[in-house]
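Here the UniProt record's numbering is used: position 68 in the sequence shown is 68, and no number is missing along the way.
Note that the Cβ used here is the ideal one computed from N, Cα and C, for glycine as well.
Notes to accompany the following structure.
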Amino acid sequence: MGNILQNITSVSPCELTPAGDFTLPYSDTPIQSKLSQLRPAIAHILQRALEGKMLNHEEAEALFYCQGPETDALLHTADIVRELRTGNDASFVITRNINFTNVCHMGCQFCNFGVNKNAGDAEFLAPHQVAARAKEAHARGATEICVQGGLHPDLPAGFYGDLLDTVSSTVPDIHIHAYSPFEIWYGAMKGRKTYTELLTDLKQRGLASMPGTAAEILDTEVRRKLTKNKLSTENWLKIIETAHNVGLPTTSTIMYGHIDGPSHWAAHLILLRDMQARTGGFTEFVPLGFIHNDSPLYKNNPSEVRTGPTADEHFKMHAIARLVLQGYIDNIQASWVKMGPDMASKVLRAGANDLGGTLMNESISRAAGASHGQEIVPRDMVNFIQRAGLNAHQRNTSYDVVTPYGRDKKPAHQEALVGSEVAKPVSKTAKPAISPFNAASHIPVKVSA
Ligand code: SF4
């Protein structure tokens, strides 16, 4: 099921920092003045990004090594490009995460979610129970549910389709965003179907889009250590491309901050951009920082495995993704689930334009004995966006505006862009869409403090 199942940061509304306490992640010196002070190589890359030019692997990798004033200019550039590409709004979606089982026998080294089927805390929701949760979510205003589960050894081959039949007949108006590429790999193997056959069948039975999770790092050597390469880079790409070809949009993700580094990150971004150039099926990119708590990967090799990304790396990942993917994948999500809402709010001014989903996952977390909820209510989403100086709106899975919340925030970079040679937006995605919440929605049942 992929990186979605790591522990997450849990937040209850009472823990949120009051709106208004916000500092931009870069200084207010004009961008051209900043560029004139940098090493020419870095200034050249950032200038090219401002002009809408496509960055290559070497340029993307070089940006990950930026320090001090270079990082400041990188984040500032990403904020300008964010405004050019997506305007002065940031969004969120009301969605519910439903993990139908935490039983999994894949044994991914970074996972702290999957349990043995005989474990005392093993859980399984039958299709009618998933449908009941979807109905409850719909009644609370959710436009989407995100459904994923572990790879249960006893799962019948027809389970994935049966679940869709039950949910779509019970709640026909809700968008079903479901099944990671790992689950599609598993379902195809169990049912002896090709990816095209399985995905076409699932689409006909109500699947509307898929989370692009389980991507981790699209590098064979790293994947061998993370997952024994059970779902290979080639298979992840093949399943995603097949989904796009049968008309199922997907999100895209990366899990960073473990045994990986800048070269892997740059290659990963370029692979996603290349795929988008072929299919146009990605709706967003969601960086997901590795959370080391309780993961075998870290516990077994604490001297070799990092404890997740630094704050500096969170900023850089979102900023560089914005620059590398601009015109291809123009929705960049800051996952409050992984970074916490305070950090996610700041990242909205370093390249991101979406805060993901509200999650609405309280019943699951309570069942797991969590002391906090796994939900941010819509008014807090609005606060976290507005405090970043952006206009907020609730969107649906397809990024259509559902509810706007004020239009009083003015563009921040108009002055900086007047007279510049910034290129016009050139999105190759006809309509950026689909659940940014995807990856964030892969909520673990266990919750870390
Ligand atoms: S072990 Fe299972 S639940 Fe955990 S990440 Fe791997 S596939 Fe997903």
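- For R407, the number of other beta carbons within 10 angstroms of its own is below 16, and it is reported as exposed.
- Beta-carbon to beta-carbon, C111 and S295 are separated by about 7 Å, close enough to satisfy the 8 Å threshold.
- Remark: fewer than three beta-carbon pairs, one from each stretch, lie closer than 8 Å, so the segment 177-197 and the segment 128-141 are not flagged as touching.
- Judged by DSSP in its simplified three-state form, Y405 adopts strand.
- Assigned with DSSP and collapsed to three states, H393 falls in strand.
- Not one heavy atom of ligand 1 lies closer than 7 Å to the C-beta of G257.
- S91: member of the beta strand (DSSP E) spanning 89-93, first to last residue.
- According to DSSP, R96 shares a beta bridge with I145.
- Counting only runs of 4+ residues, the alpha helix (DSSP H) found wholly inside the segment 9-86 occupies 31-36, 40-50, 57-64, 69-86, in chain order.
- In the DSSP assignment, S252 falls within the beta strand (DSSP E) that extends over 250-256.
- Taking C-beta atoms as the reference points, L271 and S335 fail to come closer than 8 Å.
- In this structure G261 does not touch F290 by the C-beta definition: roughly 12 Å separates them, more than the 8 Å allowed.
- Buried is the label assigned to Q276, since at least 16 other Cβ atoms lie within 10 Å of its Cβ.
- Cα atoms of N391 and G114: separation of roughly 39 Å, rounded to the nearest angstrom.
- Remark: C-beta atoms of D79 and G327 do not approach each other more closely than 8 Å.
- By the neighbour-count criterion, in which 16 or more other beta carbons inside 10 Å mark a residue as buried, G107 falls on the exposed side.
- When DSSP states are grouped into helix, strand and coil, E234 belongs to the helix group.
- The alpha-carbon separation between S168 and G52 amounts to approximately 41 Å.
- By the neighbour-count criterion, in which a residue is buried when 16 or more other Cβ atoms sit within 10 angstroms of its Cβ, K338 is buried.
- Exclusion of the five residues before and after G257 leaves G289, F290, R306, G308, P309 as the residues of its chain whose Cβ lies within less than 6 Å of its Cβ.
- When the Cα atoms are used, P25 and V347 turn out to be separated by approximately 8 Å.
- Under DSSP, A132 shares a beta bridge with no residue.
- In the structure shown, S335 adopts coil according to DSSP, grouped into three states.
- A Cβ-Cβ distance of about 17 Å is found for the pair V147 and N396, leaving them out of contact under the 8 Å criterion.
- Burial of D219 is indicated by the presence of at least 16 other C-beta atoms within 10 angstroms of its C-beta.
- Between ligand 1 and G289, a heavy atom-to-CB distance of less than 7 Å is absent.
- Assigned with DSSP and collapsed to three states, D354 falls in strand.
- Not one heavy atom of ligand 1 is found less than 7 Å from the C-beta of G191.
- P287 is bridged by DSSP to I254.
- Counting along the chain, H177 sits inside the beta strand (DSSP E) bounded by residues 175-178.
- R133 and S252 have their C-alpha atoms spaced approximately 26 Å apart.
- Taking the Cβ atoms as the reference, S209 lies roughly 6 Å from L248, within the contact range of under 8 Å.
- L164 is a Cβ neighbour of R205, given a cutoff of 8 Å.
- The closest CA to that of L269, considering only E58, H44, A122, is found on E58.
- Rounded to the nearest whole angstrom, the C-alpha separation of I332 and E284 is 6 Å.
- Residue environment: T213 is assigned as buried (16 or more neighbouring CB atoms within 10 Å of its CB, all protein chains considered).
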